[in-house]
Amino acid sequence: MTRQIALTLDIAGEAQSQGLQGAEYANSSDGGFGLFFGNIMSAVMTLAAVLVFGFLIWGAIEWITSAGDSGKLEKARSRIGNAVIGLIILAAVTAIFLLLEGFLGIDVLTFN
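This is the structure we're talking about:
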């Protein structure tokens, strides 16, 4: 059986415990830049998800209407492939931000 050690770096909590000036605003749920950044990221991620879905649908329609034309079929396949790559990038960015939230103890993504 292996033992795993989880390291959490709570910069905001440490700053608050030391009484540093401005540390009371470190939690993004209180407002400020953290809340602003979280709202911007939420909007960007939502827009990216809608665009990925739109490109998948567009590629599927092109595939269906290609009628055996190899040029149109290749274009549709490329569009669907690019949408899948976009979906993978979107998932990776979300995972990175969730890791940052866990390690730093801040709320980066607030999907309200």
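Residue numbers for the sequence shown follow the working numbering, beginning at 19 and rising by one.
Built from N, CA and C at the ideal position, the CB exists for glycine as well.
For Leu108, the enclosing alpha helix (DSSP H) stretches over residues 88–122. Cβ atoms of Leu74 and Ala101 come within 8 Å of each other, at about 5 Å. Using a 10 angstroms sphere on the CB of Val68, the tally of other CB atoms stays under 16, which defines it as exposed. When the beta-carbon positions are compared, Lys90 and Thr83 come within less than 9 Å of each other.
Met63 places its beta carbon 9 Å or farther from that of Leu122. Val70 sits close to Leu105, with the two beta carbons spaced by under 9 Å. In the assembly as shown, Gly37 is an exposed residue. Its beta-carbon has fewer than 16 other beta-carbons within 10 Å. Here Ser60 carries a helix assignment [DSSP, helix/strand/coil]. Put simply, the backbone Cα of Trp81 is about 18 Å away from that of Ile103.
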